[in-house]
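Chains as they are written, first to last, in our numbering: chain A, 1 to 14; chain B, 15 to 277. Below is one structure, written out as structure tokens; the observations come after it.
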């Protein structure tokens, strides 16, 4: 099955 | 103070309509370069980035940077009160609690004034890396909307695969499976329907159709959409705002969506 990733794994907090 | 007039209230109405179901509250940052909004949906899977440059405004004055904390569904309700050919003026004091919204008909015989209460929004922002994407597909925004709608009939996850030949959308679910391939078109009668693919190497990623469906609510803004992908990074679905076709508009509405991965 597929797992939804979140944006925090790709984009950094400034 | 901040004061800006857009000749077409309908442009702002379409922008807010396109994002209000994905994001409820958002901070519009106003500076001398224009208006910007960056907001994530509540599950932090997708992000909306709106950029409206001063070029697209008939009049733009911003003495000091202002943050307008806006409830987007409520803003959309007020924008629905504008006429088709009305202009819209937005006004806010530096520490004001309201956003004034004024619609004027073309001949200025009808003027409507509204005020929207501003909110304090504790929004998390993310730094989006300035990156080149492996694949950029340009296609009709109406066609993309239709494909996403059709895929949703069969499942909740869509694979988007791109090769030099074309872009393939695939879905599988309980009732079966389906796929739609759009071939790159060199010559078409209608320029708006052309499919152009720029790519370095084939890429295939999986995305939640629910979010892609939210993004396609921006279709009325622009007849073309640009879909950008690279391996293992969020997809970007971008629409020009206030521009024509593929040409650089004076603004843009971009949606980012984190991919689904195999467990």
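Every residue, glycine too, gets a C-beta built ideally from N, C-alpha and C. Remember, predicted model here, so these are calculated numbers, not experimental data.
Neighbour list for residue i in chain A, Cβ cutoff strictly below 7 Å
i                     : result
residue 275 (chain B) : 2, 3 and 5
residue 61 (chain B)  : 7
residue 220 (chain B) : 2
residue 270 (chain B) : 7
Interface flag, residue i vs chain A, CB-CB below 8 Å
i                     : result
residue 245 (chain B) : no
residue 248 (chain B) : yes
residue 171 (chain B) : yes
residue 260 (chain B) : Legend: pLDDT at residue 260 (chain B) = 45, less than 50; position of this residue unreliable, value from coordinates given subsequently. Closer than 8 Å: no.
residue 22 (chain B)  : no
Of the listed residues the options, nearest to residue i (C-alpha basis)
i                     : options                       : result
residue 14 (chain B)  : B:62, B:161 and B:189         : No statement about residue 14 (chain B) is possible, as the shown extent of chain B runs from 15 to 277 and does not include it.
residue 243 (chain B) : B:184, B:264 and B:176        : B:176
residue 232 (chain B) : B:28, B:77, B:15 and B:23     : B:28
residue 119 (chain B) : B:141, B:108 and B:96         : B:96
residue 71 (chain B)  : B:56, B:26 and B:32           : B:26
residue 230 (chain B) : B:106, B:158 and B:193        : B:158
residue 200 (chain B) : B:152, B:40 and B:84          : B:152
residue 20 (chain B)  : B:74, B:145 and B:64          : B:74
residue 10 (chain A)  : B:267, B:254 and B:250        : B:250
residue 83 (chain B)  : B:220, B:135 and B:98         : B:135
residue 166 (chain B) : B:69, B:192 and B:267         : B:192
residue 264 (chain B) : B:114, B:65 and B:44          : B:65
residue 103 (chain B) : B:148, B:140, B:137 and B:127 : B:127
residue 187 (chain B) : B:170, B:130 and B:23         : B:170
residue 88 (chain B)  : B:227, B:113 and B:106        : B:113
residue 146 (chain B) : B:23, B:15 and B:247          : B:247
residue 31 (chain B)  : B:234, B:130, B:240 and B:245 : B:234
residue 92 (chain B)  : B:115, B:98, B:110 and B:245  : B:115
residue 51 (chain B)  : B:276, B:205, B:110 and B:140 : B:140
residue 211 (chain B) : B:236, B:220, B:179 and B:184 : B:179
residue 252 (chain B) : B:245, B:277 and B:226        : B:226
Residue burial classification, residue i (beta-carbon count within 10 angstroms, cutoff 16)
i                     : result
residue 216 (chain B) : exposed
residue 18 (chain B)  : buried
residue 238 (chain B) : buried
residue 100 (chain B) : buried
residue 13 (chain A)  : exposed
residue 261 (chain B) : Below a pLDDT of 50, predicted positions are generally treated as unreliable, and residue 261 (chain B), at 48, falls in that range; no measurement from the model is reported.
residue 256 (chain B) : buried
residue 94 (chain B)  : exposed
residue 259 (chain B) : Residue placement at residue 259 (chain B) is flagged as unreliable, the pLDDT there being 43, under the threshold of 50; the coordinate-derived value follows with that caveat. Its Cβ having fewer than 16 others within 10 Å, residue 259 (chain B) is exposed.
residue 59 (chain B)  : buried
residue 144 (chain B) : exposed
residue 274 (chain B) : buried
residue 268 (chain B) : buried
residue 181 (chain B) : buried
residue 155 (chain B) : buried
residue 270 (chain B) : buried
residue 214 (chain B) : exposed
Chain B contact for residue i (CB, 8 Å cutoff)
i                    : result
residue 12 (chain A) : yes
Handout entry: Within 8 Å of chain A by C-beta, residues of the segment 137–158 of chain B in sequence order
Key = 138, 139, 140, 141, 142 and 143
Problem - Residues within the segment 43–60 of chain B neighbouring chain A, beta-carbon criterion of under 8 Å - result: 54, 57, 58, 59 and 60
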